[in-house]
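Student: In full-length UniProt numbering, the protein residues as written are 1 to 126. A virtual CB, placed ideally from N, CA and C, is assigned to each residue, including glycine. So that we are looking at the same thing, I have put the structure below in structure tokens.
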């Protein structure tokens, strides 16, 4: 019984190891896919889409607010309620090319530019 029991146990352990390894590969594969999805979302945001001004104009409400500034397009929907200058300062810009308004209000304020850049979704079609 000693040799065959050892052989059977060894075989089971080998199967368990393979199962664990394939489980790890599967988990790593899922993590890799999730990372790939995140990378894809990031690369889409980083490279961005190109939008026409007409498309930006379709997003002109407080609950769906896009604006263009310096040939970039921003989804400001989440920023409306957070804007330190109040919601109206943003909602009046929804669906517009807000370049002049942004420059007039913020000039070269790096903090304002950094806050705006977090919402970039693409570039404005020329």
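Starting from the Cα of residue 116, find the closest Cα among 94, 51, 95 and 76 and give me that residue.
Tutor: For residue 116, the nearest C-alpha among the options comes from 76.
Student: If we ignore side chains and look at the alpha-carbon of each, how far apart do residue 124 and residue 68 end up?
Tutor: If you take the alpha carbons of residue 124 and residue 68, they lie about 7 angstroms apart.
Student: Spatial neighbours of residue 7 within its chain, please: C-beta separation below 8 angstroms, excluding the five flanking residues on both sides.
Tutor: Confidence at residue 7 is low in this model, with a pLDDT of 43, below 50, so its placement is unreliable and no value can be given for it.
Student: Less than 9 angstroms between the beta carbons of residue 105 and residue 112, yes or no?
Tutor: Contact: yes.
Student: Counting only the same chain and skipping the five closest in sequence on each side, list residues whose C-beta sits under 8 angstroms from that of residue 32.
Tutor: Confidence is the limiting factor: at residue 32 the pLDDT is only 39, short of 50, which leaves the residue's position unreliable, though a coordinate-based value still follows. So no residue of the chain qualifies.
Student: Mapping DSSP to helix, strand and coil, what is residue 76?
Tutor: Three-state DSSP puts residue 76 in coil, outside helix and strand.
Student: If you measure between the beta carbons of residue 119 and residue 95, is that distance less than 9 angstroms?
Tutor: The answer is no: Cβ separation not under 9 angstroms.
Student: Would DSSP call residue 111 helix, strand or coil?
Tutor: Residue 111 falls in the helix class under three-state DSSP.
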